[in-house]
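Visitor: Can you read through this structure? Questions will come right after.
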């Protein structure tokens, strides 16, 4: 594993930093997918500071693990993780969503170093990851392909084409991470389409499936370790049950929606809460 | 005003009259035998599976070439490649969306994927995936699709009469509609060398050879005059260039001199050549395409000539903006105006 600076900073502290960076970015625009960013921060901390192999100074390094952001609107969260990882400079944070920024509101490969794919048309990432995993095997490159997707994307038929394809090709170098916060644009995901029992469903398709509390750092570390070290010719999925707005209690308690409303004065309040609660 | 009753819409209804088989003295009975082959040979010399063989030839020196199909390798001639290079062939199952996405993923990792299916499925079902997973990043995926336009009698489920209209609006995508076996062979090499995404319409099976007789060499993005003529300028693409050449021959016998400008690359359109030819005075300009009148070559040429201030007398031969009938191809080509007889009749009426 290649931690970017050999730091022994805790994963909890990394997640805390990612949350702070995301709040500062959202404050610039006065809006943003902050509920998702706060919720997925722990998953990204484990990804970028425990699981992934990469070189911050060379985001296109051939030996890197590929990390695909299928959910383009989570870009604010990934920019934060990549700033924390040293892939993106912190002083560009203020350009988020602005004209000519390298950090557009929805993640695109042609804009941002380290942003592997253009996400946002939901249901695309896993299929592209299938092709990349096939390609890595052809090249005998041992890197993993991670695909971070949302529960909403489980409603796209293309996701299930990719699920079946990954198993048919025995893609043991593919790790799908599902951020399951049960919230899509119009309401709870599980009320819009019958999702069934999530982990058994993936297992029935022949995947190695784990379901964890996506805001429990130890559980996440164990799940990512299992997915990476398993010797089993199956693709792996980690279903991460996350809580939107995690880490900022007054936002967690707010009525949760896809686009969480934050009043102008509340950004400072949210940041103050984090500053008063620095993890070890 | 009362609400319209539910069910009052005007959907197409099943045909109500029972049909009888033709009697034995009614002549040859046309069947749907031409459904699987993309095009009947029409007495010409043919080449078997030109795309599949061209891809194998390419793959000899290009390790980056891989093939994918969505359960249609046999019907897109990719089975030739699959047999020769089994470890470079990916059967993606009946799942066009993941086939296109996976092709994008393979291209991201440095490969040059050729992905095959029928034109209807690529253009209608996989559009968003071609657009966002491939074209937006200008990835070198080659989408090669059989049954373009009216090359099957199966009816609208298989007839890609509007694939070019669907795909022409997609930035970065190059669109090729080759005429014959020679051109398919050459175009396969040319699109492999092109750094961006390509959609190529495919004639498969026993494919007529036409342009080899004219000393023609395919150039991506180039329209070429196959032969000159002083009365009419045919601007044609795909196998309609074969029909245009045949129509020109028939009209020559009647004293009408027709030029044929072949436009295998629909996008980007070779507007320089088209404008130069169309600007030559005194010729009737007729576009010919195996595609809907809406959104294909005819409209592209007309719009460009209008923009360029070139105003010849102009007509288009194309499929109607309708869901077409099922049946036998020769019947349907007559019915919808793609046959040589239909072309010559209309050209005479326009002169």
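Chains as they are written, first to last, in the UniProt record's numbering: chain A, 1 to 280; chain B, 1 to 351.
All C-beta atoms in this analysis are idealised placements derived from N, C-alpha and C, irrespective of residue type, glycine included.
What you are looking at is a predicted structure, and each value in this text was computed from that prediction instead of being measured.
In terms of residues, what are the limits of the beta strand (DSSP E) holding residue 149 of chain A?
Guide: It spans 145-150 - the beta strand (DSSP E) in which residue 149 of chain A sits, taken as one unbroken run.
Visitor: Taking the straight line between their C-alpha atoms, what separation do you get for residue 238 of chain B and residue 179 of chain B?
Guide: Taking the straight line joining both Cα atoms gives about 4 Å.
Visitor: Using a C-beta to C-beta distance shorter than 7 Å, which residues of chain A count as neighbours of residue 132 of chain B?
Guide: Residues of chain A passing the Cβ test: 118, 121 and 124.
Visitor: Look at residue 108 of chain B and residue 132 of chain A and say whether their C-beta atoms are less than 9 Å apart.
Guide: Contact: yes.
Visitor: Measuring only the C-alpha atoms, how far is residue 68 of chain A from residue 99 of chain B?
Guide: C-alpha separation (whole angstroms): 18 Å.
Visitor: If you reduce the DSSP assignment to three classes, tell me which class residue 159 of chain A lands in.
Guide: Three-state DSSP puts residue 159 of chain A in a helix.
Visitor: Look at residue 77 of chain B and residue 93 of chain B and say whether their C-beta atoms are less than 9 Å apart.
Guide: Not in contact: residue 77 of chain B and residue 93 of chain B (Cβ atoms no closer than 9 Å).
Visitor: Taking 9 Å as the CB-CB cut-off, is residue 66 of chain B touching chain A?
Guide: Chain A, which has a Cβ nearer than 9 Å to the Cβ of residue 66 of chain B, makes this yes.
Visitor: Please state the DSSP three-state secondary structure of residue 200 of chain B.
Guide: Residue 200 of chain B falls in the strand class under three-state DSSP.
Visitor: Reducing DSSP to helix, strand and coil, say where residue 106 of chain A ends up.
Guide: Three-state result, residue 106 of chain A: coil.
Visitor: Taking 9 Å as the threshold (beta carbon to beta carbon), is residue 251 of chain A in contact with chain B?
Guide: Residue 251 of chain A does not count as touching chain B.
Visitor: Measure the alpha-carbon distance for residue 267 of chain B versus residue 58 of chain A and round it to whole angstroms.
Guide: For residue 267 of chain B and residue 58 of chain A, the distance between alpha carbons rounds to 36 Å.
Visitor: I'd like the span of the beta strand (DSSP E) that includes residue 290 of chain B, first residue to last.
Guide: Counting along the chain, the beta strand (DSSP E) containing residue 290 of chain B begins and ends at 284-292.
Visitor: Drop a sphere of 10 angstroms on the beta-carbon of residue 250 of chain A, count the other beta-carbons inside from all chains shown, and report buried for 16 or more, exposed for fewer.
Guide: Counting Cβ neighbours within 10 Å, residue 250 of chain A comes out exposed, since fewer than 16 surround it.
Visitor: Can you pull out the residues from the region 87-107 of chain B whose beta carbon lies closer than 7 Å to at least one beta carbon of chain A?
Guide: Answer in chain order: 90, 92, 93, 95, 97, 98, 101, 102, 103, 104, 105 and 106.
Visitor: Are the CB atoms of residue 39 of chain A and residue 181 of chain A nearer to each other than 9 Å?
Guide: Going by C-beta atoms, residue 39 of chain A is nearer than 9 Å to residue 181 of chain A.
Visitor: Using a Cβ cut-off of 9 Å, pull out every chain B residue sitting near residue 129 of chain A, in sequence order please.
Guide: By Cβ distance, chain B contributes 101, 102 and 105.
Visitor: Does the beta carbon of residue 128 of chain B come closer than 9 Å to any beta carbon on chain A?
Guide: Cβ-Cβ to chain A under 9 Å: yes for residue 128 of chain B.
Visitor: From the DSSP output, which residues share a beta bridge with residue 235 of chain B?
Guide: Beta-bridge pairing links residue 235 of chain B to B:261 and B:287.
Visitor: Name, going along the chain, the residues of the region 107-120 of chain B whose beta-carbon falls closer than 9 Å to a beta-carbon of chain A.
Guide: Listed in sequence order: 107, 108, 109, 110, 111 and 113.
Visitor: Can you tell me whether DSSP reads residue 206 of chain B as helix, strand or coil?
Guide: In this structure, residue 206 of chain B counts as strand in the three-state DSSP scheme.
Visitor: Leaving out five residues before and five after residue 224 of chain B in sequence, what residues of the same chain have Cβ atoms less than 8 Å from its Cβ?
Guide: Correct list, in chain order: 216, 261, 262 and 273.
Visitor: Strictly under 9 Å for the Cβ-Cβ distance: is residue 73 of chain A near chain B by that measure?
Guide: So no, residue 73 of chain A is outside the interface.
Visitor: For residue 249 of chain A, name the three-state secondary structure that DSSP assigns.
Guide: The answer is helix: DSSP assigns residue 249 of chain A an H, G or I state.
Visitor: On the premise that residue 260 of chain A lies in contact with residue 245 of chain A, defined as a C-beta separation below 8 Å, what is that separation, rounded to the nearest angstrom?
Guide: Going by Cβ atoms, the distance from residue 245 of chain A to residue 260 of chain A rounds to 6 Å, so yes, they are a contact pair.
Visitor: For chain A, check one thing: does any of its Cβ atoms lie closer than 9 Å to the Cβ of residue 162 of chain B?
Guide: For residue 162 of chain B, the answer is no, since every Cβ of chain A falls outside 9 Å of its Cβ.
Visitor: Tell me which residue opens and which closes the alpha helix (DSSP H) that residue 56 of chain B is part of.
Guide: Run containing residue 56 of chain B: 50-61, per the alpha helix (DSSP H) assignment.
Visitor: Flag residue 137 of chain B as yes if its beta-carbon sits less than 9 Å from any beta-carbon of chain A, otherwise no.
Guide: Interface residue, yes.
Visitor: List, in chain order, every chain B residue whose beta-carbon is nearer than 7 Å to that of residue 161 of chain A.
Guide: Neighbours of residue 161 of chain A on chain B, chain order: 95, 97 and 98.
Visitor: Quick check on DSSP: helix, strand or coil for residue 69 of chain B?
Guide: It is a strand residue.
Visitor: Do we get a CB-CB distance below 9 Å when we pair residue 141 of chain A with the residues of chain B?
Guide: So, interface residue.
Visitor: What separation, rounded to the nearest whole angstrom, lies between the Cα atoms of residue 229 of chain B and residue 81 of chain B?
Guide: Their backbone Cα atoms lie some 41 Å apart in a straight line.
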